[in-house]
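Note sheet for the following structure.
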Amino acid sequence: MHRKKICFTLFFATSLLLASCSGSGDKGDPVTQTGSLKRVESGTGSGPNKGLLNTLFGLNEMPGDATNSNATGISVNGYLWRAALDTISFMPLAQADPFGGTILTDWYRPPETLGERFKVNVYILDSELRADGLRITVFRQRLDPNGIWLDARVSKDTGTNLENAILKRARQMRIKLQ
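When you line the sequence shown up against this note's numbering, it's residues 1441 to 1618, in that order.
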């Protein structure tokens, strides 16, 4: 009986101690006043520092805003990124890295031509919307009679036409959002 009373008293005292630690005052910043993170839990906030998640993923800026994109660590143009994804959306994606500006597709077989397949690599090289901020590499393979895929030549116009389509789409998006 005496042992139960001691356990109950310890449990009650511990519960009371923990309850008193919770407090009901203002939570404030999770970081010191000179820190740059506000409302880390939700990724949102107000004022000049709008949250870690918003800053990391560029939600505080317009796509393609070169002045803000360097501050967040993303060094690619948002318009070029979105336009590239839109332009090659018919191809299966193998990898997409928005921080490095790399989009790699898997092999795509057009339904019109069963004996060939294509693969595209898109590299966004700049944070500004410029023609030289984009590099496209197109790969093509043909199926030989033995069922083996062999590399085939790709016309230089194919890559250039794809670049032009992406640039045109990026410009349209920029004009639409301004």
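Where a beta carbon is used, it is the ideal one built from N, C-alpha and C, also for glycine.
Pull up the CB-CB distance for Gly1541 and Tyr1563, whole angstroms please, since I reckon it's below 8 Å. 6 Å
Pull up the DSSP beta-bridge partners for Gln1581, would you. Per DSSP, Arg1557 and Asp1591.
Buried versus exposed call for Asn1517 [16 or more other C-beta atoms within 10 Å across all chains shown]: buried
With a threshold of 7 Å (Cβ to nearest heavy atom), would Trp1521 be considered close to the ligand SAM? Absence of the ligand SAM from the depicted structure is noted, as is the absence of any ligand whatsoever, leaving it without description.
Candidates Ile1543, Leu1554, Glu1568 and Gly1555: which alpha carbon is nearest Asn1561's? Ile1543
Within the region 1513-1547, ranges of the alpha helix (DSSP H) (whole runs, at least 4 residues): 1518-1527
In the DSSP assignment, what residue or residues form a beta bridge with Ile1576? Val1562
Could you check what DSSP says for Glu1568 in three-state terms: helix, strand or coil? coil
Neighbourhood of Thr1598 by C-beta, 6 Å cutoff - its chain only, sequence neighbours within 5 removed: Val1578
Give me the residue from Ile1576, Ala1592 and Arg1582 with the minimum Cα distance to Thr1600. Of the candidates Ile1576, Ala1592 and Arg1582, the one whose C-alpha sits nearest the C-alpha of Thr1600 is Ile1576.
From this set, Asp1591, Ser1515 and Thr1527, which residue's C-alpha is nearest Arg1557's C-alpha? Asp1591
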